[in-house]
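First up is the structure itself, then whatever we jot down about it.
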Amino acid sequence: MAETMSTAVVVLLLLAGLSEAAGRIMPLLVSRPGAARRNVVGLMLTGAVVEGAVFALWPLTAQTAAELLASAPPSKDLVWTPGLLAPLLFTAVLAFPLLGPFLHLLLCVGVGASLSGPLAEVTGLGWWTSACCVAVAGAVLGGAVEGVRRLVVRLGATAPPEVLA
Numbered sequence: 015m016a017e018t019m020s021t022a023v024v025v026l027l028l029l030a031g032l033s034e035a036a037g038r039i040m041p042l043l044v045s046r047p048g049a050a051r052r053n054v055v056g057l058m059l060t061g062a063v064v065e066g067a068v069f070a071l072w073p074l075t076a077q078t079a080a081e082l083l084a085s086a087p088p089s090k091d092l093v094w095t096p097g098l099l100a101p102l103l104f105t106a107v108l109a110f111p112l113l114g115p116f117l118h119l120l121l122c123v124g125v126g127a128s129l130s131g132p133l134a135e136v137t138g139l140g141w142w143t144s145a146c147c148v149a150v151a152g153a154v155l156g157g158a159v160e161g162v163r164r165l166v167v168r169l170g171a172t173a174p175p176e177v178l179a
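All the letters of the sequence shown, read from the start, carry residue numbers 15 to 179 under my numbering.
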């Protein structure tokens, strides 16, 4: 049975998503100083929700990958807890993706490693196998979001330019 996320976890996910979105949108704002404030706020909020959803899906996707390898179904679902999520928020705030890609990757690897232990406990797999499942899940989710980002940019580039008043 799936457990529901606490309010603290949802808030931490949204804050991490907001930080990630800010890191993605800041370079855009620098290159377009006349961007409408309403559009920027809309992009930030949309980005926060999308990034937060991707972060929320990371343990579920990792557990799904692990279940494909495990011989027995897990005893419970792996879910974010404030203790597991705090390093992710720290990662998102400390290292904006476009301002420090290597640092961001290094910190995400650390967060993934901290998620591997609880996944190993839930699924009964070894730590290294669980770490591989977490890494694959992170790469798949990251690749999907990057693909959507590029599609949105491509579609946005073909839209007519906005008229500034």
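From the three backbone atoms N, C-alpha and C, an ideal C-beta is built for every residue, glycine too.
Cβ pair residue i, residue j closer than 8 Å
i      : j      : result
Ala22  : Pro96  : yes
Ala80  : Gly31  : no
Leu155 : Leu99  : no
Val148 : Ala76  : yes
Leu169 : Val136 : no
Ala134 : Ser144 : yes
Ala84  : Met58  : no
Gly131 : Trp141 : yes
Leu103 : Leu29  : yes
Simplified DSSP state of residue i, which is helix, strand or coil
i      : result
Arg163 : helix
Ala62  : helix
Ser33  : helix
Ser85  : coil
Val182 : With the chain covering only 15 through 179, there is no way to say anything about residue 182.
Ala50  : coil
Gly140 : coil
Ser20  : coil
Q) Quick check: the region 154-161 against the region 63-73, are there 3 or more CB pairs under 8 Å? A) Yes, they touch.
Q: Say whether the region 45-59 touches the region 120-137, bearing in mind that this needs 3 or more beta-carbon pairs closer than 8 Å, one atom from each stretch.
A: With a cut-off of 8 Å on Cβ pairs, the region 45-59 is not in contact with the region 120-137, counting fewer than three such pairs.
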